[in-house]
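K.L.:
2 protein chains.
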Amino acid sequence: MTTPTTREACADLDAADPLAPLREEFVLPEGTIYLDGNSLGPLPRAARERVRRMVDEEWGQGLIRSWNDAGWFDKPAVLGERVAPVIGAEPSSVVVCDSTSINLFKVFTAALALRPGRKVVVAERGSFPTDLYMMEGATGLLDGYQRRLIGDGGPSLDEALDDEVAVVVLSHVDYRTGALHDMAAVTERIQRHGALVVWDLCHSAGALPIHLARCNADFAVGCTYKYLNGGPGSPAFVYVAPRHQDAARQPLSGWHGHADPFAFASDYQPATGIDRFRCGTPQLLSYAPLEEALELWRHVDLDAVRAKSVRMTSLFVDLVDRQCTGFGVEVASPRDPDARGSQVALRHESSYPVMQALIDRNAIGDFRAPDLMRFGFTPLYLRYVDVWDAVVVLRDVLSSEVWRSERYATRDAVT
Amino acid sequence: MTTPTTREACADLDAADPLAPLREEFVLPEGTIYLDGNSLGPLPRAARERVRRMVDEEWGQGLIRSWNDAGWFDKPAVLGERVAPVIGAEPSSVVVCDSTSINLFKVFTAALALRPGRKVVVAERGSFPTDLYMMEGATGLLDGYQRRLIGDGGPSLDEALDDEVAVVVLSHVDYRTGALHDMAAVTERIQRHGALVVWDLCHSAGALPIHLARCNADFAVGCTYKYLNGGPGSPAFVYVAPRHQDAARQPLSGWHGHADPFAFASDYQPATGIDRFRCGTPQLLSYAPLEEALELWRHVDLDAVRAKSVRMTSLFVDLVDRQCTGFGVEVASPRDPDARGSQVALRHESSYPVMQALIDRNAIGDFRAPDLMRFGFTPLYLRYVDVWDAVVVLRDVLSSEVWRSERYATRDAVT
């Protein structure tokens with residue numbers, strides 16, 4: 101593909117885009133170019149009615165009966181079955197519950213127990229930090245574990261791997277740069293050393309085809325509020341390979357993971373299969389929009405998503421190269437699209453105020469400390485003309501130096 | 101107070117009830133006597149609009165900006181401040197997040213670490229089981245802990261207490277019988293032995309005045325979807341006494357509990373104060389109805405709630421005694437109202453089909469294995485005439501033996 105050199109050429113790509121009709125399924129604020137769907141996906145139109153129904157009918161009228169009549173108890177399993185095909189997982193290997201952090205704790209401790217005697221855990225220094233924090237919390241309860249951090253100037257994965265390594269936790273796509281691991285190859289290298297791998301899919305689920313089963317992955321976790329569009333803080337998912345399910349035990353052994361929760365026994369007996377990775381009562385209202393968001397994915401071809409994603413990120417990189425040179429921006433993401441997820445990071449010494457100025461002009465990305473601007477390209481609802489328009493705004497902000505205005509200097513509490 | 105002997109006398113009590121106007125704040129299905137608010141509170145009217153606003157405006161239009169602009173990041177702390185007065189907690193000692201099970205894990209492990217060297221944990225055999233399961237999960241990660249179960253035929257609390265006990269986990273109100281602990285006296289007895297107490301307030305928060313601070317409690321957890329009416333699976337709360345907050349560390353150390361979450365540091369540094377008991381990204385949509393539900397509690401006098409609750413449970417017990425003798429039911433709750441929460445349990449050898457027949461007649465309580473029917477009395481929206489009417493239905497079901505019908509025999513998956 102040659103890069104379009106005009107907005108009209110971008111519009112032609114949109115006209116030929118097989119995914120274009122999906123844009124109508126989402127609420128997108130008028131005049132906004134939303135390049136932060138890699139952080140919080142937009143509202144699926146159908147979710148509004150689903151939420152209203154859960155509130156007014158299931159809760160308001162059904163009350164306690166809805167645990168049975170509306171299938172509340174089974175939501176984590178039912179939505180798990182809908183997530184499974186999106187991440188290439190086997191049936192009955194995914195449940196939707198709790199947060200990514202909590203689920204990481206579950207699979208990480210379960211994995212450690214499957215590799216007794218091995219006392220080294222490996223993670224990327226550039227992991228999304230909560231993964232590191234949860235591992236720290238878990239190993240802090242246990243005796244004698246040592247952590248090896250790889251990447252970002254430290255040793256490589258291959259340098260860190262040896263027969264003392266129990267578990268490796270990796271982000272499929274780097275939350276900062278969008279760098280993408282080759283899941284099959286990396287899994288194989290880890291397992292060759294007898295270690296287990298936990299994949300964090302937060303920045304890849306819904307962004308590109310994932311084949312957990314085909315890659316022989318051991319465990320995975322991920323969130324549903326980014327590319328899957330489940331709503332703010334919608335419940336996370338957890339995957340356990342079928343071959344581990346009988347032996348895997350996790351310590352957040354709440355009653356919803358019990359073999360017979362309504363027997364009210366005083367001793368814990370884990371449910372068979374993936375259900376033992378559930379814990380307490382699910383926050384049901386947060387499942388309602390996710391239910392509709394996942395319904396959309398039934399009809400989406402992930403190869404088409406990936407093809408459009410690669411085209412969009414490549415278009416963005418090319419346009420930045422052409423139109424924004426000389427303004428101190430640098431592409432921080434891999435230039436090879438095969439090594440990149442569905443986001444592009446730009447580095448600038450004043451990334452924070454530049455991003456604030458962009459947001460002020462309705463081109464919404466986000467900032468990640470210390471110096472990155474992130475732009476997410478989400479093929480379900482973005483158009484090629486949005487990519488074009490975003491670069492026009494970016495060039496304008498950079499060339500006008502409007503970002504030097506004092507109003508963009510103050511950091512919000514949350515960014 | 102003398103027990104009313106006619107429905108008219110009950111209506112007179114309603115007419116004089118200072119809490120009566122609050123009933124208008126809730127959606128209650130026409131013709132239903134809802135005696136299961138101790139399991140799932142009904143929908144507060146204001147919650148519907150609050151949910152719509154979060155979905156359509158904060159998520160739909162605000163998108164990622166709502167983390168700042170709509171105060172999403174601070175919801176766990178802001179709602180914690182609203183829960184605090186309901187449970188007699190100090191300011192800045194409560195956060196709302198995750199589930200009761202997860203929060204119990206946090207405070208239980210934090211408490212154990214504050215009592216190094218002590219290797220015994222104490223809990224009630226009749227605890228709501230998830231408390232026992234989470235303790236089992238936590239001690240399973242640690243070395244050498246022994247569990248002593250008290251009550252239900254086992255040793256008493258006093259028999260179990262010695263200077264090896266690190267932590268005691270107790271339900272303020274028993275989920276089955278409604279038996280109520282004297283929080284001040286029991287806390288004092290536990291602390292005299294140098295142990296720490298964790299109170300589970302699931303069945304007391306919003307049902308009666310609680311004075312965590314005045315009772316010198318160490319830790320507490322509880323849910324918000326029962327008497328607090330936050331919605332199905334609404335997020336739980338966690339309390340840590342200010343004197344423990346600096347030293348307490350919990351292992352579910354996710355990024356929202358970090359001192360500086362947006363610095364994205366690779367090492368965990370706990371936030372000061374109660375915020376370190378947060379973990380991952382909150383399931384925000386589930387906070388929306390709770391926000392309105394808690395708003396109602398600002399204007400509620402908990403002593404008035406307790407007075408009405410005592411009157412209602414006493415009325416129910418008296419009416420059952422008078423009208424249902426000879427049908428095999430027995431009051432399983434304490435007859436002394438001072439020793440009872442806001443629920444009454446009846447024992448019957450066929451409690452399951454009897455309860456199904458009641459529900460079929462729109463008198464909704466619930467069943468708890470093996471043989472209890474539970475009836476919750478929630479003064480915010482129930483009337484004395486509802487108590488009267490419920491006993492009329494109960495007597496009818498028992499005397500007609502309609503519960504013997506085959507249609508009431510089949511157990512639902514969830515009850």
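These protein sequences, in sequence, are chains A and D. If you read the first sequence in the working numbering, its first letter stands for residue 101, the second for the next number, and so on. If you read the second sequence in the working numbering, its first letter stands for residue 101, the second for the next number, and so on. Beta carbons are placed, not taken as given, at the ideal position from N, Cα and C, and that holds for glycine. No experiment lies behind these values; they were computed from the predicted model shown.
Do K206/A and P351/A have their C-beta atoms within less than 9 Å of each other?
P.N.:
Yes, the pair counts as a contact, with Cβ atoms nearer than the cut-off.
K.L.:
The beta strand (DSSP E) spanning Y484/A covers which residue range?
P.N.:
Per DSSP, Y484/A belongs to no beta strand (DSSP E); it is in the alpha helix (DSSP H), 484-500.
K.L.:
Using beta carbons (cut-off 9 Å, strictly below), is M154/A in contact with chain D?
P.N.:
Closer than 9 Å to some Cβ of chain D, the Cβ of M154/A qualifies, so yes.
K.L.:
What first and last residue would you give for the alpha helix (DSSP H) that runs through V400/D?
P.N.:
V400/D -> no alpha helix (DSSP H), and no H or E assigned at all.
K.L.:
Output yes if chain D places a C-beta closer than 9 Å to the C-beta of H344/A; else output no.
P.N.:
Taking Cβ atoms only, chain D never reaches closer than 9 Å to H344/A, which makes this a no.
K.L.:
How close, in whole Å, do the beta carbons of E224/D and I250/D come, if the pair is a contact with beta carbons under 8 Å?
P.N.:
Their Cβ separation, rounded to whole angstroms, is 6 Å, which keeps E224/D and I250/D in contact under 8 Å.
K.L.:
Taking all protein chains shown into account, do 16 or more other C-beta atoms lie within 10 angstroms of the C-beta of H399/D, making it buried, or fewer, making it exposed?
P.N.:
That one is exposed.
K.L.:
Between the C-alpha atoms of D438/A and A469/A, what's the straight-line distance to the nearest angstrom?
P.N.:
Each residue's alpha carbon lies about 25 Å from the other.
K.L.:
Indicate whether the contact test is met: 3 or more Cβ pairs, each with one atom in the region 351-367 of chain D and one in the region 412-420 of chain D, closer than 8 Å.
P.N.:
Cβ pair count under 8 Å is below three, so no.
K.L.:
Starting from L242/D, find everything on chain A with Cβ-Cβ shorter than 9 Å and list it in chain order.
P.N.:
L241, L242, listed in chain order.
K.L.:
Along the beta strand (DSSP E) that carries E224/D, what are the first and last residues, could you check?
P.N.:
Run containing E224/D: 220-224, per the beta strand (DSSP E) assignment.
K.L.:
Just list the beta strand (DSSP E) runs in the region 323-368 of chain A, keeping only unbroken ones of 3 residues or longer that don't cross its boundaries, in chain order.
P.N.:
As far as the region 323-368 of chain A is concerned, its whole beta strand (DSSP E) runs of at least 3 residues are 337-340.
K.L.:
Which one or two residues does DSSP pair with D143/A in a beta bridge?
P.N.:
It should be pointed out that residue 143/A corresponds to Leu in this sequence rather than to Asp. Answer by DSSP bridge pairing, in chain order: V127/A.
K.L.:
I need the DSSP call for D282/A, collapsed to helix, strand or coil.
P.N.:
Reduced to three states, the DSSP call for D282/A is coil.
K.L.:
Tell me L308/D's beta-bridge partners as DSSP assigns them.
P.N.:
DSSP, once it has assigned bridges, lists A305/D as partnering L308/D.
K.L.:
Just reading off the alpha helix (DSSP H) that L214/D is part of, what are its end residues?
P.N.:
200-214 is the span of the alpha helix (DSSP H), which, as asked, contains L214/D.
K.L.:
Would you mind listing the alpha helix (DSSP H) stretches within the region 414-446 of chain A that are 4+ residues and don't spill past its ends, in chain order?
P.N.:
Qualifying alpha helix (DSSP H) stretches: none in this window.
K.L.:
Please work out which residues of its chain come closer than 6 Å, Cβ to Cβ, to T287/D, disregarding the five sequence neighbours upstream and downstream, and give them in chain order.
P.N.:
V297, C315, N316, A317, listed in sequence order.
K.L.:
Does chain A have any CB closer than 9 Å to the CB of V151/D?
P.N.:
Yes - at least one Cβ of chain A is within 9 Å of the one on V151/D.
K.L.:
Starting from the C-beta of R406/A, find all residues in its chain whose C-beta is less than 7 Å away, skip the five residues before and the five after it, and write them out in chain order.
P.N.:
Counting only Cβ-Cβ distances below 7 Å, and skipping sequence neighbours, we find L308, P309.
K.L.:
Mind listing the chain D neighbours of E236/A? Cutoff is C-beta to C-beta under 8 Å, in chain order.
P.N.:
Near E236/A (Cβ distances below 8 Å), the residues of chain D are S353, D367, Y368.
K.L.:
Please report the straight-line C-alpha distance between P185/A and R152/D, rounded to a whole angstrom.
P.N.:
Taking the straight line joining both Cα atoms gives about 31 Å.
K.L.:
Tell me whether S409/D is buried or exposed, calling it buried when 16 or more other Cβ atoms sit within 10 Å of its Cβ.
P.N.:
The residue is buried, with at least 16 neighbouring Cβ atoms inside 10 Å.
K.L.:
Can you check whether the C-beta of L143/A is within less than 9 Å of a C-beta belonging to chain D?
P.N.:
L143/A counts as touching chain D.
K.L.:
Nearest chain D C-beta to T515/A closer than 9 Å, yes or no?
P.N.:
Because the pLDDT at T515/A is just 48, under 50, the model does not fix this residue reliably, and the value given afterwards should be weighed accordingly. It does; some Cβ of chain D falls within 9 Å.
K.L.:
Sort out for me which residues DSSP pairs F319/A with in a bridge.
P.N.:
DSSP, once it has assigned bridges, lists V298/A, V340/A as partnering F319/A.
K.L.:
According to a CB-to-CB cut-off of less than 8 Å, which residues of the region 126-139 of chain D neighbour chain A?
P.N.:
Cβ contacts with chain A come from V127, P129, T132, Y134, D136, S139.
K.L.:
Can you pull the chain D neighbours of H358/A, defined as C-beta to C-beta under 9 Å?
P.N.:
Result: P229, T230, Y233.
K.L.:
Just tell me which of P342/A, A305/A, G330/A, K326/A has its CA closest to the CA of F319/A.
P.N.:
Per the Cα distances, P342/A.
K.L.:
Going by beta carbon distance, what residues of the same chain come within less than 6 Å of L280/D, once the five residues before and after it are set aside?
P.N.:
Excluding positions up to five away in sequence, the list reads V273, A439, R440, G441.
K.L.:
With DSSP run on the structure shown, which of helix, strand or coil describes S192/D?
P.N.:
Here S192/D sits in coil by DSSP.
K.L.:
Can you name the start and end residues of the beta strand (DSSP E) that S271/A belongs to?
P.N.:
265-271 is the extent of the beta strand (DSSP E) around S271/A.
K.L.:
Excluding sequence positions up to five away, which residues of its chain have a Cβ less than 7 Å from the Cβ of G217/A?
P.N.:
The answer is none, since no qualifying residue turns up.
K.L.:
Can you grab the Cα-Cα spacing for the pair D114/A / L122/A, in whole Å?
P.N.:
Answer to the nearest angstrom: the Cα atoms are 12 Å apart.
K.L.:
Can you pull the chain D residues whose beta carbon is under 7 Å from the beta carbon of G331/A, in chain order?
P.N.:
Correct list: W159, L385.
K.L.:
Given A445/D, which residues of its chain have a CB within under 8 Å of its CB, disregarding the five upstream and five downstream residues?
P.N.:
Result list for A445/D: R276, T277, G278, V431, A432, S433, R468, L472, M473, R474, F475, in chain order.
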